[in-house]
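Chemist:
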Amino acid sequence: RGLLVSKMYDTAKDIVLNLVYLVEEYGFVLNGARSYYTNRSQPPLLSSMVLELYTATGDLGLVRRAFPSLLKEHSFWVSELHNVEIMDNHGRLHNLSRYQAMWNKPRPESATIDEELASKLNSTAAKEKLYHQIASAAESGWDFSSRWMSNSTDMTTLVTTFVIPVDLNTFICKVRWNGT
Numbered sequence: 267r268g269l270l271v272s273k274m275y276d277t278a279k280d281i282v283l284n285l286v287y288l289v290e291e292y293g294f295v296l297n298g299a300r301s302y303y304t305n306r307s308q309p310p311l312l313s314s315m316v317l318e319l320y321t322a323t324g325d326l327g328l329v330r331r332a333f334p335s336l337l338k339e340h341s342f343w344v345s346e347l348h349n350v351e352i353m354d355n356h357g358r359l360h361n362l363s364r365y366q367a368m369w370n371k372p373r374p375e376s377a378t379i380d381e382e383l384a385s386k387l388n389s390t391a392a393k394e395k396l397y398h399q400i401a402s403a404a405e406s407g408w409d410f411s412s413r414w415m416s417n418s419t420d421m422t423t424l425v426t427t428f429v430i431p432v433d434l435n436t437f438i439c440k441v442r443w444n445g446t
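This is the structure in structure tokens:
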């Protein structure tokens, strides 16, 4: 929004097109534009960016260019990887999404920190689970909030993939809303 408020429309469009390219190439917006981030995404905000840029500029060509990627990103977030089926009190099933990185090793950008944290755990399996939870928290953009921990003072208790975040599911609903 800052770029739009500053009337830097071309810069905003270039950033959006870079993100569209990432979706075309990898199926989702990478956590960062580096090859070692191909195991986790960013929250699904690309459709909102496209809509705000369109609202500011009327650039229908951008919408046409981005639309297939917006569908692809949406599919990524509702895929089996992120999907959780929940039954409500009336027995109705609902599909919701969660953060779930495709990684169970120390993050390349923070390997020393991750390994130091995991050294508190005894088994290789427990360390791999922790690395997975760390990467999933990083995918959320909330790294590292106590919202992902079962014990708010102990990062080894990360349970990111067991939380169904309202904000993520709101973003996904907004993707659907933006497309109508």
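Residue 446, in the working numbering, is where the sequence shown stops; the numbers in between run on with no holes. Backbone N, C-alpha and C define an ideal beta-carbon position, used for all residues, glycine too. It should be emphasised that the depicted structure is a prediction, and the values quoted were computed from it without experimental measurement.
For D280 and R358, I'd like the C-alpha separation in whole angstroms.
Modeler: 43 Å
Chemist: What separation, rounded to the nearest whole angstrom, lies between the Cα atoms of G268 and M315?
Modeler: Taking C-alpha positions only, G268 is separated from M315 by approximately 12 Å.
Chemist: Starting from the C-beta of D380, find all residues in its chain whose C-beta is less than 7 Å away, skip the five residues before and the five after it, and write them out in chain order.
Modeler: Answer for D380: P372, R373, Y397, I400, listed in chain order.
Chemist: With a threshold of 16 other CB atoms inside 10 Å of the CB of F294, please say whether the residue is buried or exposed.
Modeler: By the neighbour-count rule (16 or more Cβ atoms within 10 Å), F294 is buried.
Chemist: Name the residue from K273, Y287, S313, N297 whose alpha carbon lies nearest to the alpha carbon of M368.
Modeler: N297
Chemist: Check for me: the alpha helix (DSSP H) holding I430 runs from which residue to which?
Modeler: Counting along the chain, I430 falls outside any alpha helix (DSSP H), and DSSP gives it neither H nor E.
Chemist: Put V329 into one of helix, strand or coil per three-state DSSP.
Modeler: helix
Chemist: CA-CA distance, M353 and H360?
Modeler: 6 Å
Chemist: DSSP three-state label for H360, please.
Modeler: strand
Chemist: How far does the alpha helix (DSSP H) with V316 in it extend, from its first residue to its last?
Modeler: 312-323
Chemist: Going along the chain, which residues of its own chain have a beta-carbon closer than 6 Å to the beta-carbon of Q366, five neighbours each way excluded?
Modeler: L347, H348, S402, T427
Chemist: Distance, Cα to Cα, S272 vs F410?
Modeler: One C-alpha to the other measures close to 31 Å.
Chemist: Does the distance from the C-beta atom of V350 to that of I430 stay below 9 Å?
Modeler: yes
Chemist: Mapping DSSP to helix, strand and coil, what is S345?
Modeler: DSSP, read as helix, strand or coil, puts S345 in coil.
Chemist: How many Å lie between E375 and V282 at the Cα?
Modeler: 24 Å
Chemist: If we call anything under 9 Å between Cβ atoms a contact, is A404 one with A392?
Modeler: no
Chemist: Cβ of L362 within 9 Å of Cβ of N444?
Modeler: no
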